[in-house]
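Comments concern the structure below.
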Amino acid sequence: MEQLIKEAEIFVKERFKEEVTGHDWLHMERVRRQSSLIWEKEKNGDPLYVDLVALLHDVDDRKLASVDHALTLKDWLVKMDVQQDLISKLLTDTSNISFRKGNQSLLSSEALIVQDADRLDALGAIGIARAFAYGAKNGQMICKEGDFTEQDQYGNTDSTLAHFYDKLLLLKDRMNTKTGRELAEQRHRFMRSFLCQFEKEWKE
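Mapped onto the working numbering, the consecutive letters of the sequence shown carry residue numbers 326 to 529.
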């Protein structure tokens with residue numbers, strides 16, 4: 326497992342070296358660190374497997390246009406001669422961490438930790454920066470009239486600011502672990518404060 330983690334580091338660094346939407350190698354590193362921190366508090370599952378899922382969780386994410394998807398995660402794992410049961414577990418976990426497309430009930434205890442860490446990186450100051458980076462890369466307006474309202478469902482709008490209301494502000498209450506919930510509180514408050522100031526300046 327330790328050797329596979331070293332190979333995963335090399336693979337992910339190369340794969341995401343040109344990614345500019347906030348899903349770059351540094352995102353993987355932050356998710357990895359937060360996952361480790363959460364695991365240290367929760368002691369749930371195998372910490373090496375937590376590390377591996379954190380590194381690989383965005384490999385097959387097709388919304389990342391700068392990533393070459395010719396080589397899938399499964400392809401890479403087969404190339405690394407990983408056992409089939411571990412391949413199946415990794416593919417299930419990495420394909421279900423997503424907020425939009427994932428099925429949380431299919432996640433392992435380790436992947437639930439990584440999901441919390443991934444969501445933490447979408448909150449706070451880093452989350453704000455990542456949201457606007459992703460929006461700009463995908464041609465979204467910063468803000469539109471009517472964006473300062475809570476959304477009931479994901480994906481109803483096409484501006485970056487609306488993304489805060491239809492996803493990011495929902496994350497705090499969707500954490501899986503006690504530690505994740507505690508860490509999310511401060512970042513959520515900071516994001517709320519930012520949105521209040523943004524709305525104030527927008528309407529002045």
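Just so you know, even glycine gets a beta-carbon here, dropped at the ideal spot from N, CA and C.
Every value quoted in this text rests on a predicted model; they were computed, and no experiment measured them.
Comparing alpha carbon positions, the residue from 373, 492, 406 closest to residue 425 is 492. In this structure, DSSP gives residue 405 a state outside helix and strand, which the three-state scheme calls coil.
Distance between residue 452 and residue 409, taken at the CA atoms: about 35 Å. In summary, residue 483 is exposed, with fewer than 16 beta-carbon neighbours lying within 10 Å of its beta-carbon over all protein chains present. The C-alpha of residue 326 lies about 51 Å from the C-alpha of residue 526. Between the C-alpha atoms of residue 387 and residue 503 there is a straight-line separation of about 31 Å.
When Cβ pairs closer than 8 Å are counted between the two stretches, the segment 375-387 is seen to touch the segment 419-437, the count reaching three or more. DSSP places residue 516 in the helix class (H, G or I) of the three-state scheme. In chain order, 438, 502, 504 place their CB closer than 7 Å to the CB of residue 367, counting only its own chain and leaving out the 5 sequence neighbours on each side. For residue 441, the uninterrupted alpha helix (DSSP H) run begins and ends at 434-445, by DSSP. For the set 461, 356, 333, the Cα lying nearest the Cα of residue 399 is the one of 333. Here residue 466 is bridged, per DSSP, to 484. Separation of residue 405 and residue 421 (C-alpha to C-alpha, rounded to the nearest whole angstrom) is 22 Å.
Taking a cut-off of 8 Å on C-beta distances, the segment 338-355 touches the segment 443-463, as three or more cross pairs fall below it. Per DSSP, reduced to three states, the secondary structure at residue 326 is coil, with no helix or strand assignment.
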